[in-house]
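According to mature numbering (1 follows the signal peptide of the UniProt record, and there is no 0), the stretch in the sequence shown is residues -20 to -1, 1 to 487, in order. Backbone N, C-alpha and C define an ideal beta-carbon position, used for all residues, glycine too. Since the structure comes first, as structure tokens, the remarks are kept for the end.
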Amino acid sequence: MRKGNLFMWLIMFFVAPSLAQENVINDLSLAFKKARSEKERIDLLNELAYHYTYSNLMAASDDVAISYEASKQADYQFGQAKALNVKGTIEWNQSNYAEALKFFLEALDLFKVVGDSHGALICYNNIAEIYKKLGEMRKGLKYLMKAQALQLKAYGNMQPLISVNIGEVYLHEGNYDSATFYFMEALNNDDIYDRAKSYAYDGLAGVAQETRDLDAATYFNKRALEIRKAINEQRAVSISFTKLADLAALKDDYSLALSYFDSALVEARKNRAKDLKMDIYERKAQMFRRKGDYEEALQNYMSYAQLKDSVFNEQKANQMALLQTRHQTELLKHENETTMLALKYRNQIIFIIVPLLLVTLLISYLLYKKRKAQKYVIQELAEKNSHIQMQAEELQAQSEKVMILNNNLENLNTTLEDKIKERTRILKEQNKVLAEYAYINAHELRAPVATVMGLVNLLKNSKIEGKEREIIEYLAKASSQLDSVIKNLKYRLERHDDSLIEDEEVH
């Protein structure tokens, strides 16, 4: 049972169909409402946050922030570890690999403390993938080897997906014999499942292509494609079609390559994968350029550029929304802490006043019993005196309470002013970093644009006539406009024009 669960956890990092995801979130939300213990609620909230990472990073960030704080207050280390793992996944999805690595390493330490091999194995694999994203293949390989060793120790078998990941590292390093060994190790594993098998064939295709065995590369890509179609993994199907198109183009079979590219686009649109569509348009443009069909190449490059701008704007909008959510969460957190502190002080005051009132009532009762035999007038006066005394003590207690509350309000006002100043300073620093980031991009764009303009001028001076001359004139005009935009951007940045940042936020 634990072995099966482990496979499912590793698989979840690669696929999340929308309909199934909605059903899982609905089921988890219902279970959360019915949860009876604090630890059960924390675990369910972590699960909800993890599944939200596929569709709503802001919701995921909110949920995991709550579960992490609740885990710390309850001293529930397993809940903290799972929350840190979700935080790492959120940062990973935003390409904040350094932050993701920090959270995964913290989660790994906690999983080791509580003795959870399942969670530690997931963290090892995640850390390895982050190092691969950062280009530190050797470090990634180190953690993959640790993951495989832990898998063998805890479950008595090798994890095929980890073997595939190790093979991918060796493929990236150009060690094709070692890469082939680990891909075959995965395929020969009795516990291999279809998704891991498709990745193994994909890896063997990569080895074949790098060693210029195009027929073998085509064969292995088709094997991977068949499996991915069978398990309805649309994103991976699109990637396989793209790789087959590249191979067909390398064989100069442009008609077949175009057919594969069209199939890849269909699958990418089904999956709403803009990054895959960008890659396909770019590769199609490169193919048409090699073929000499510059009009088709230009159209595909324009489609690529439009998608790239769209993805960039979406990423920036999501990042800004996430930053705003985090800021609001921090404000709510501080407000909650302030409220809890005020409640604590109020309860302390109540605990002091109630015993005093009880003692006063007891004394009054004893006095009443002692003087019961006295005359009516003396008894009445004693009762009035006792009543006056009680009111005086209550007034005194209320006066002390008001003084304490006034002191608390003064302290809170001072603290809030300091926090507002600190947040203002942080926002100014962030705006400065954004401006510097735009400035660097403007300068880095100058060199390639200048190169394009130079190439266009060379083409203009050539003896090309007809339709090709019109395309060259169009390219000259477009590159000149782009150069003007970049110069204007650079000029406005050097003049410290804040309107640049406002324009970027609007677009």
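Terminal residues of the alpha helix (DSSP H) in which residue i lies
i: residue 181; result: 174 to 190
i: residue 490; result: Residue 490 lies beyond the range of the chain shown here (-20 to 487); nothing can be said about it.
i: residue 247; result: 234 to 250
i: residue 114; result: Looking at the DSSP string, residue 114 is not in any alpha helix (DSSP H), and its letter there is neither H nor E.
i: residue 157; result: 156 to 167
i: residue 171; result: Where residue 171 is concerned, there is no enclosing alpha helix (DSSP H), given that its DSSP letter is neither H nor E.
i: residue 223; result: 214 to 230
Residue i to residue j span [Cα, whole Å]
i: residue 111; j: residue 130; result: 19 Å
i: residue 135; j: residue 331; result: 55 Å
i: residue 145; j: residue 47; result: 31 Å
i: residue 166; j: residue 154; result: 19 Å
i: residue 241; j: residue 234; result: 10 Å
i: residue 249; j: residue 255; result: 11 Å
i: residue 121; j: residue 139; result: 15 Å
i: residue 174; j: residue 163; result: 14 Å
i: residue 378; j: residue 397; result: 29 Å
i: residue 92; j: residue 100; result: 7 Å
i: residue 169; j: residue 205; result: 20 Å
i: residue 416; j: residue 172; result: 49 Å
i: residue 392; j: residue 66; result: 34 Å
i: residue 425; j: residue 459; result: 12 Å
i: residue 457; j: residue 435; result: 13 Å
i: residue 281; j: residue 54; result: 55 Å
i: residue 32; j: residue 68; result: 13 Å
i: residue 200; j: residue 213; result: 17 Å
i: residue 17; j: residue 95; result: 22 Å
i: residue 448; j: residue 125; result: 55 Å
i: residue 455; j: residue 469; result: 21 Å
i: residue 82; j: residue 388; result: 38 Å
i: residue 451; j: residue 72; result: 42 Å
i: residue 440; j: residue 265; result: 22 Å
i: residue 152; j: residue 402; result: 45 Å
i: residue 102; j: residue 108; result: 10 Å
i: residue 22; j: residue 231; result: 56 Å
i: residue 467; j: residue 39; result: 40 Å
i: residue 405; j: residue 52; result: 29 Å
i: residue 284; j: residue 272; result: 19 Å
i: residue 355; j: residue 375; result: 31 Å
i: residue 334; j: residue 386; result: 22 Å
Cβ-Cβ separation, residue j to residue i (assumed contact under 8 Å), whole Å
i: residue 63; j: residue 44; result: 5 Å
i: residue 236; j: residue 228; result: 4 Å
i: residue 77; j: residue 114; result: 5 Å
i: residue 180; j: residue 218; result: Not really, about 19 Å apart at Cβ, beyond 8 Å.
i: residue 59; j: residue 26; result: 7 Å
i: residue 263; j: residue 222; result: 7 Å
i: residue 337; j: residue 366; result: The Cβ separation is near 13 Å, so there is no contact.
i: residue 198; j: residue 224; result: 7 Å
Per-residue DSSP class, three states only, for residue i
i: residue 258; result: helix
i: residue 136; result: coil
i: residue 280; result: helix
i: residue 193; result: coil
i: residue 273; result: coil
i: residue 253; result: coil
i: residue 206; result: helix
i: residue 452; result: helix
i: residue 201; result: helix
i: residue 468; result: helix
i: residue 443; result: coil
i: residue 102; result: helix
i: residue 107; result: helix
i: residue 1; result: The predicted model places residue 1 with a pLDDT of 47, which falls under 50 and marks its position as unreliable; any figure quoted below should be read in that light. Residue 1 falls in the helix class under three-state DSSP.
i: residue 211; result: coil
Cutoff 8 Å: residue i Cβ touching any chain B Cβ
i: residue 186; result: Any reference to chain B falls outside this structure, which holds one protein chain only.
Subject >> Uninterrupted alpha helix (DSSP H) stretches inside the stretch 322 to 405 (no shorter than 4 residues) >> reply: none
**OP:** Let me know the alpha helix (DSSP H) ranges lying completely inside the stretch 16 to 100, each 4 residues or longer, listed in chain order.
**Re:** 18 to 32, 37 to 53, 57 to 73 and 77 to 94
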